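Novice: First the structure, then my questions, so here it is.
Rendered as structure tokens:
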């Protein structure tokens, strides 16, 4: 894991880290705001599979709003050093889900954006690996 720590000395990777962190935070806040009460995520007709999916999610009401509030919370928390590890860990399942939805619904261009989000989130997780490595590595005896 010292290799990861050494990579942090490269300016380009540090810049990429900050771009990923800020980008993920802003993307989550913007996407979450589109899920607040009374706001539809898209105006596509329900005849379109993407429109049908988002209309169904919107129709759930509280659940759709909960996703939005949670995304906003994570988007804000990632800007604070104290919560960056927690927020990036909690973001990963959401980002993977968004990626899988965009691929399965054949959204044009969106899978490229969501795959960049997965890679950005992976960078954040690797960057802070020392904070949670005990979960994945064998305990030292």
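In UniProt numbering, the protein residues as written are 1 to 141.
Cβ atoms here follow ideal geometry from the backbone N, Cα and C, with glycine treated the same way.
Quick caveat, the model's predicted, so the values are computed rather than measured.
(1) Let me know if residue 80 comes out buried or exposed under the rule of 16 or more other beta-carbons within 10 Å of its beta-carbon.
(2) Taking all protein chains shown into account, do 16 or more other C-beta atoms lie within 10 angstroms of the C-beta of residue 133, making it buried, or fewer, making it exposed?
(3) Using DSSP with H/G/I as helix, E/B as strand and the rest coil, what is residue 55?
(4) Per DSSP, what kind of secondary structure is residue 9 in: helix, strand or coil?
(5) Determine the burial state of residue 120: buried for a count of at least 16 other Cβ atoms within 10 Å of its Cβ, exposed for fewer.
(6) What are the start and end residues of each continuous alpha helix (DSSP H) run of 4 or more residues lying completely inside the region 53-110, in chain order?
(7) For residue 44, I'd like the list of residues in its chain whose CB is within less than 6 Å of its CB, leaving aside the five on either flank, ordered along the chain.
(8) Relative to the C-alpha of residue 117, which candidate in 128, 42 and 100 has its C-alpha closest?
(9) Between the region 13-20 and the region 54-69, are three or more C-beta pairs nearer than 8 Å?
(10) Can you name, in chain order, every residue of its own chain whose Cβ lies under 8 Å from the Cβ of residue 105, other than the five neighbours on each side?
(11) Using the Cα positions of residue 157 and residue 89, report the straight-line distance between them to the nearest angstrom.
Specialist: Working from what's here:
(1) Residue burial is scored here from C-beta neighbours: residue 80 has fewer than 16 other C-beta atoms within 10 angstroms and is therefore classed as exposed.
(2) Note on residue 133: under 16 other CB atoms within 10 angstroms of its CB, so exposed under the neighbour-count rule.
(3) Helix, per DSSP.
(4) Of the three classes helix, strand and coil, the one that applies to residue 9 here is coil, per DSSP.
(5) So residue 120 counts as buried.
(6) Listed in chain order, the complete alpha helix (DSSP H) runs (minimum 4 residues) inside the region 53-110 are 62-77 and 84-104.
(7) In the same chain as residue 44, and ignoring 5 residues on each side of it, the C-beta atoms closer than 6 Å to its own belong to 50 and 51, in chain order.
(8) Of 128, 42 and 100, the residue nearest in Cα terms is 100.
(9) Cβ pair count under 8 Å is below three, so no.
(10) These residues qualify, in order along the chain: 49, 50 and 53.
(11) Lying before the first or after the last residue shown, residue 157 is absent from the chain, which here runs from 1 to 141.
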